[in-house]
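Asks: Just so it is clear: in the sequence shown, position 286 is 286 by UniProt numbering, and no numbers are missing.
We treat Cβ as the ideally placed atom computed from N, Cα and C, and that holds for glycine.
The structure that follows is given in the form of structure tokens.
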Amino acid sequence: MAEQRLMSDVASSSNSSSTTSCKKYDVFLSFRGEDTRMNFTSHLYEALKHKKVETYIDYKLEKGDEISQGLIKAIEDSHVSIVIMSENYASSKWCLEELSKILECQKNQGQIVIPVFYNIDPSHVRKQSGSYEQAFVKHQEDLRCNKWRTALTEVANLSGWDSRNRTESKLLMDIVGDILRKLTARYPNQLKGLVGIEENYEQIESLLRIGSREVRILGIWGMGGIGKTTLATALYAQLSPEFEGGCFLTNVRENSSRPGGLEALHKKLYTELLGNESHCFDAPLLVPQFVMHRLGHKKVFIVLDDVSTCEQLEHLIKDYGLLGPGSRVIVTTRDQQIFRPNDEVYEVKKLSFDRSLELFSLTVFEENTPKQGHEDLSRKAVSYCKGIPLALKVLGASLRRRSKEAWESELRKLKKISNKEINNVLKLSYDGLDRSQKDIFLDIACFFKGKDRDWVTNILEACDFFPASGIEVLLDKALVTISGCSIEMHDLIQEMGREIVDQESIKEPGRRSRLWRPEEVHEGTEVVECITLDTCNLNRDLNLSSNCFTKMVNLRFLNIHCSFWSTRFHVYLPSGLESVSDKLRYFFWDGFCHESLPSNFHAEDLVELYMYGSKLKKLWDGVQNLVNLQKIYLGASRDLVEIPDLSKAKKLRSINLSQCESLRKLHTSISSLPKLTFLELSGCTGIENLNVHSKYLQRLHLEGCSSLKEFSVTSHEMTVLDLSYTAICALPSSIQFNRKLTQLWLKGCSNFGMLPNVSEPGLITAPDNFDCTQHNLSFLQSLPNIIGHLFCLKILDLSGTIVESLPESIKNLSMMTVLKLDDCRKLVSLSELPSSLNILTAYNSTSLETVFSQLLVFEHMLQSCTPCLSKQYYPKQFEGGCVVFPGDHIMMNQCGFHTVDSSITIPYLSLPELCGFICCVIVSEGSVEGHFSCSIYQDSKQVGMDEGKLLHTSLISDHVAFLFVETCDHLSEIPFKFEFNYGQKTEKVTIKECGVFPVYATESGLKLFELESVTQIFNESQSRAIGVGVRCSNAENGLESLVEVSNNESQLTEIGVDGSSNENGNENEWEELLHVITSSV
């Protein structure tokens, strides 16, 4: 398999393995044969051998004083030397020479040396006392004595093991564990060099929780070729030495499909975990209890690679709880459904483009980056692979050492023919699906990728494919993903699916079940089930014969559409259309060019009919048995003159007839449809009167029905009614009693005379009886005081009206969040505002009295905060809020800091009751789009931001914009910088003034700091300041600049009520205005 190629790369992945990986032995044993050969040393050797540690042991008896060249080579070829110091070790010159050579390799090669003091005091070795002293009496004439003494002293000073402190069995376990840890660290990290895997190691290791004594299973899940096996192989190589037993079962899916395959895998698993004792049983049900008991006392590491079914998993390991404490099981799979609800599952993600390019380059060029001259071609190849490691390596291997011309040819070929080796790996997941699941997969691959999940489910349900469960299976097998509400599929998986369809009939496209290429859709047989054609892909007009669909009697999905707003080429039926399949569930044809559907068309199975911009005059004659029809969309069918009898369409939920300008009336059957919730008639300029009495209708859109004068509607479920730009004079009385209406649009109704009478008895007994959250009443000259009874009103738009003032009752609208007063040129003053108000805009309402309006805004912002005083000062209901209206100067600077420049500096404020700031700026006339925001910075790092969302407008004069900014938790620690920004795409807009007004909390509510308090704080803390910068747009070069004023440049200028500089102004007048703010809450 191609995936196994990835496994084989693990062992050679590291660049730092030159000396480490070429050693022949892991461990060299140095010992005195007569002391330990037949006991401790033999036991240690077997324990290391059982752990698959390659160990050198010299079975020959020591002869002579010199060690052989073979023994020297064995020492040099080992990572670790274990020196077993026993009673008579020093009496052997052979052993002493071994030790000298071992210490030489430690110094020159970094070899690990571990002494074991077996039944001897380490101090005897270090000082050559006891039996070691007697041994050196015999060696005293040997010139090598000093070298040997030094060697013994050095080895005795190393960290080692003393047999006198523990049992021999415990000593063996400790030594073997120590060796495994040291060898694991010695060998190169198996994850290094595996592109895109190493960075996931910490996350995977945290899921395994190696230090925990619980038994844990970790699933590694993802699509084929994503690198699951590679990752599991690296983890096993890295972590298994820390366990008492281990087993890696590869290709469980493939091996279990063979006769007796599962039994063979089961036997191999238990044999590797427990040794040859397990050979006596063949099936899980016959596992001896004693064997399971032994396994329950053993800490093991198991990898089950490429498991495809729950049965395979249960057959191999029926109960994870029977494994020893601390055991770990890794299962790689393409099917997430095999896991239990509490199992940890790690999803392997595709590689980023940069990491993909790195892996591809390593495969092709054996370098981290593409070879010079191959950069563009490499990027094209990587783009094709879409982050799948297998695809990158397979494609890279096929391009290695080939000419640039061959590269170009291969990449062109991939656009038409997918790579067979990659497809074979991906197709394994498809092969495990049942028939209906395969149909769902192929439909998504050919037609539904990127489409809304609910819509796809509805269409597939009509085809009897059981999509609710089928799509879940595809998700579990990583064949599809869900992004938001859309069904998505990896490009290579989509290619694989389409290749499966192509293989149904290589030479004759008309004998394939699904067609999507423009050159293939016009001819088909009874095999064809689905057709989709994007007319934007046509390179010429396509003329279809009248009998083009006659043979396609099993056609259930027909979609001829334009993915963009317009197309150069179209599909025509010069001779009309004889017939289409009666099995159609989805009939979609943009610009259908015939006046009606075929007379022999039967729509019993039809679920959706979509013919935007068609030439239809009618759909059909008579009454169709539309038992499954749910949606009709005939928008912009400008020649449509009639709608047929739809009385049998009991499931019909949505009808869209927008811009059907020739339509004069609707069939009366529409009122009898029990499931109809949506009716769109916008732009039907021919309709003069309309009577709709549908019990469950929720949304009725009549915008632009300019001839509509008489209107009657009855529906207790109505939530949206759009009557904008109609000729109606009044609303029907039935609307007044509608308890669920949430949006009523009356914009441009020039004949309209009055609002619904909400003052009648019984209409205002509960807050939600008249829940109109969106009104557009631009035709009104005045707003009645009764508006205050619309307690659930959320958005009120009075833009463009000629109202002069607002009724006092508007303050009672406790759910209102948005009030728009733009271009109200006669509006003079505001009244008390609802505390819930979030956004207030009065763009270009040039008559608005600025001074009192600013005072009102300050009062409103303070009141909005009050309900939150107990715990949180910041007004959540004002989050994202902003207030804008005409004005050319900032009031209230007795309570704050103000400058006529584009930036400001204010003193450091260290008060626990400080809870925020009211910020405002003067914006010059010009075009504004975007928002008014204030970013808060600490040491050049943004730590907070508040933003007021605004709509596009053109300012004909200077305007004042207000925003409430929450205090930062760190404000009492160091100075902060406030940075203002107004608009995203501004032209000739500058910020002429700005002001910051600190807000603090008292027992009675929120207050603004008075000037005396702020000045005192300023004098006490001149060395610490909060910088406030305003970002302005430069219209000439399109750049933004930020200007900051230092402490020394800061000026506090008193502005009088008339906006002029007023050092000796009317103190009584200012105090009276100030009293409104500081005492009103």
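Between the region 381 to 390 and the region 407 to 423, are three or more C-beta pairs nearer than 8 Å?
Replies: At 8 Å Cβ cutoff, the stretches touch.
Asks: Considering only their Cβ atoms, is the gap separating Thr550 from Glu578 smaller than 9 Å?
Replies: For Glu578 and Thr550, yes; Cβs fall inside 9 Å.
Asks: How many angstroms separate the CA atom of Glu54 from the CA atom of Val80?
Replies: The alpha-carbon atoms of Glu54 and Val80 are separated by roughly 11 Å.
Asks: What would DSSP say about Tyr610, mapped onto helix, strand or coil?
Replies: In the structure shown, Tyr610 sits in a strand (DSSP, three-state: E or B).
Asks: Per the DSSP calculation, Asp121 is bridged to which residue(s)?
Replies: DSSP output for Asp121 lists no bridge partner at all.
Asks: Does DSSP classify Cys772 as helix, strand or coil?
Replies: With a pLDDT of only 39 at Cys772, under 50, the local geometry of the prediction cannot be trusted, and no value is derived from it.
Asks: For Glu202, count neighbouring C-beta atoms within 10 Å of its own C-beta (all shown protein chains included) and say buried if the count is 16 or more, exposed if not.
Replies: Counting Cβ neighbours within 10 Å, Glu202 comes out exposed, since fewer than 16 surround it.
Asks: Between the Cα of Ile482 and those of Lys449, Val364, Phe711 and His716, spot the shortest distance and give me the residue it belongs to.
Replies: Nearest of Lys449, Val364, Phe711 and His716 to Ile482, Cα basis: Lys449.
Asks: CB Thr250 to CB Asp335, shorter than 9 Å?
Replies: Not in contact: Thr250 and Asp335 (Cβ atoms no closer than 9 Å).
Asks: Terminal residues of the continuous beta strand (DSSP E) containing Met173?
Replies: First-last for Met173: Glu168 to Arg186, but that is the alpha helix (DSSP H), not the beta strand (DSSP E).
Asks: Whole-angstrom Cβ separation of Phe588 and Ile632, contact assumed at under 8 Å?
Replies: About 12 Å; that fails the 8 Å criterion.
Asks: Buried or exposed for Pro886, please, with buried defined as at least 16 other CB atoms from any protein chain shown within 10 angstroms of its CB.
Replies: Buried, by the Cβ-count rule.
Asks: Do Leu634 and Lys617 have their CB atoms nearer than 9 Å?
Replies: Contact: no.
Asks: According to the neighbour-count rule (16 or more other Cβ atoms, all chains shown, within 10 Å of its Cβ), is Thr151 buried or exposed?
Replies: Rather than Thr, the amino acid found at residue 151 in this sequence is Ala. By the 10 Å Cβ count, Ala151 comes out buried.
Asks: Name, in chain order, the residues that DSSP records as bridge partners for Leu542.
Replies: Answer is Val571, bridged to Leu542.
Asks: Would you call the CB atoms of Glu608 and Leu629 closer than 9 Å?
Replies: Cβ distance < 9 Å, so Glu608 and Leu629 count as in contact.
Asks: Could you tell me whether the region 295 to 304 touches the region 316 to 328, where touching means 3 or more Cβ pairs closer than 8 Å?
Replies: Judged by Cβ distances under 8 Å, the region 295 to 304 makes contact with the region 316 to 328, as three or more pairs qualify.
Asks: Starting from Cys310, trace the alpha helix (DSSP H) both ways and give me its first and last residue.
Replies: Here the alpha helix (DSSP H) through Cys310 covers Cys310 to Leu316.
Asks: Taking 9 Å as the threshold (C-beta atoms), are Ile84 and Val116 in contact?
Replies: The answer is yes: Cβ separation under 9 Å.
Asks: Quick test of the definition: if touching needs 3 or more C-beta pairs under 8 Å, does the region 839 to 846 touch the region 817 to 829?
Replies: Yes: at least three Cβ pairs fall under 8 Å.
Asks: Tell me whether Gln238 sits in a helix, a strand or coil according to DSSP, three-state version.
Replies: Three-state DSSP puts Gln238 in a helix.
Asks: Verify whether the separation of the beta carbon atoms of Trp221 and Thr333 is less than 9 Å.
Replies: Yes, Cβ-Cβ distance for Trp221 and Thr333 is below 9 Å.
Asks: If you draw a straight line from the C-alpha of Leu679 to the C-alpha of Thr714, how long is it?
Replies: For Leu679 and Thr714, the distance between alpha carbons rounds to 13 Å.
Asks: For Ser654, which of Ser671, Thr677 and Val125 has the nearest alpha-carbon?
Replies: Checking every option, the nearest Cα to that of Ser654 belongs to Thr677.
Asks: With a 10 Å radius around its C-beta and 16 neighbouring C-beta atoms as the bar for buried, classify Arg402 as buried or exposed.
Replies: Label assigned to Arg402: exposed.
Asks: Buried or exposed: which applies to Met223, given that a residue is buried once 16 or more other Cβ atoms fall within 10 Å of its Cβ?
Replies: Under this definition Met223 is a buried residue.
Asks: By Cβ distance below 6 Å, which residues in the same chain neighbour Ser724 in space, the five residues on each side in sequence not counted?
Replies: Counting only Cβ-Cβ distances below 6 Å, and skipping sequence neighbours, we find Glu703, Trp745, Lys747 and Gly748.
Asks: Taking C-beta to C-beta, are Leu673 and Leu652 nearer than 9 Å?
Replies: For Leu673 and Leu652, yes; Cβs fall inside 9 Å.
Asks: Quick one: grab the DSSP three-state call for Gln743.
Replies: DSSP places Gln743 in strand when its eight states are reduced to three.
Asks: From this set, Asp534, Asp443 and Thr457, which residue's C-alpha is nearest Ile493's C-alpha?
Replies: Residue Asp443 is the option with its Cα nearest to Ile493.
Asks: Check this for me: beta carbons of Asp645 and Ser669, under 9 Å apart or not?
Replies: Going by C-beta atoms, Asp645 is nearer than 9 Å to Ser669.
Asks: Compute the Euclidean distance between the alpha carbons of Glu688 and Ile643, then round it to the nearest angstrom.
Replies: Using only the alpha carbons, I get a separation of about 16 Å.
Asks: Is the Cβ-Cβ distance between Cys463 and Arg514 less than 9 Å?
Replies: Result no, Cβ atoms of Cys463 and Arg514 do not sit closer than 9 Å.
Asks: Shorter than 8 Å, the distance from the beta carbon of Thr535 to the closest heavy atom of the ligand ZN, or not?
Replies: You won't find the ligand ZN in this model; it holds no ligand whatsoever.
Asks: Report yes if the C-beta distance between Glu993 and Val883 is below 9 Å; otherwise report no.
Replies: Not a contact, by the Cβ cut-off of 9 Å.
Asks: Out of Thr726, His594 and Glu804, state which residue places its alpha-carbon closest to the alpha-carbon of Asp823.
Replies: Closest option to Asp823, Cα to Cα, is Glu804.
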